[in-house]
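Note that UniProt numbering has the sequence shown beginning at 1, numbered continuously upward. No residue lacks a Cβ here, since even glycine has one placed at the ideal position from N, Cα and C. Encoded as structure tokens, the structure appears first; notes follow it.
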Amino acid sequence: MTSAGPHYRLPLTGEGTTGLGKALKPITHPLRADIPIMLGAEGPKNVALAAEICDGWLPIFYSPRMAGMYNEWLDEGFARPGARRSREDFEICATAQVVITDDRAAAFAGIKPFLALYMGGMGAEETNFHADVYRRMGYTQVVDEVTKLFRSGRKDEAAEIIPDELVDDAVIVGDIDHVRKQMAVWEAAGVTMMVVTAGSAEQVRDLAALV
Numbered sequence: 001m002t003s004a005g006p007h008y009r010l011p012l013t014g015e016g017t018t019g020l021g022k023a024l025k026p027i028t029h030p031l032r033a034d035i036p037i038m039l040g041a042e043g044p045k046n047v048a049l050a051a052e053i054c055d056g057w058l059p060i061f062y063s064p065r066m067a068g069m070y071n072e073w074l075d076e077g078f079a080r081p082g083a084r085r086s087r088e089d090f091e092i093c094a095t096a097q098v099v100i101t102d103d104r105a106a107a108f109a110g111i112k113p114f115l116a117l118y119m120g121g122m123g124a125e126e127t128n129f130h131a132d133v134y135r136r137m138g139y140t141q142v143v144d145e146v147t148k149l150f151r152s153g154r155k156d157e158a159a160e161i162i163p164d165e166l167v168d169d170a171v172i173v174g175d176i177d178h179v180r181k182q183m184a185v186w187e188a189a190g191v192t193m194m195v196v197t198a199g200s201a202e203q204v205r206d207l208a209a210l211v
């Protein structure tokens, strides 16, 4: 892999380098000749940047309910001079925890510690971009309480106070019919690809059958 870009060169050359660097061959063999560039972004400026310079956007904690807000940010990027893509050929590759189950409450309970970590334990207490995602969804009070508990070492309590509604906003949990319907909701919101977290090989096979 080589790059002669204006900012980063692979292998690194120029002043202060040894000149011994060699281009590495990837051990994987992509199916596409043109590998897309995706930007993981959460805030409005970086989401707009993804639309301007990348082939797609990799959102974490995506909520189809918030698609209108996300689309405004994306449209800002698409409208910039020299934008790489338009909405018609831009990918939204949303990460999603998908659990096929008849016990939604138990699945939500299993996801809450993960959310408590990202909401309350990532970054600085004053600046946590993951927490800001949920603030924009309307959960500011929950985020503040989770952060306070998590930072004081009460991690189990931090997870327990997260409401099921908050979890459900950015995951797909339920029986096969519910999962199928929610995947359609996400697609209608503009998601073109789902990066799915599945808990078992059986879940992967079940999801494959849905698509």
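For T2, there is no enclosing beta strand (DSSP E), as DSSP marks it with neither H nor E. Within the same chain, W57, G190, V191, T192 come within 6 Å of I92 by CB-CB distance, once the 5 residues on both sides are set aside.
In this structure, the CA atom of D144 is about 37 Å from the CA atom of P36. The stretch 46-134 is shown to contain whole alpha helix (DSSP H) runs of 4 or more residues at 67-78, 104-120, in chain order.
In the DSSP assignment, M183 falls within the alpha helix (DSSP H) that extends over 176-188. Burial state of A4 is exposed, judged by a 10 Å Cβ sphere holding fewer than 16 other Cβ atoms.
Contact check for A50 and G77: beta-carbon distance about 7 Å, within the 8 Å limit, so the pair qualifies. In the DSSP assignment, V143 falls within the unbroken alpha helix (DSSP H) covering 140-151.
When rounded, the separation of the alpha-carbon atoms in T2 and M38 is 18 Å.
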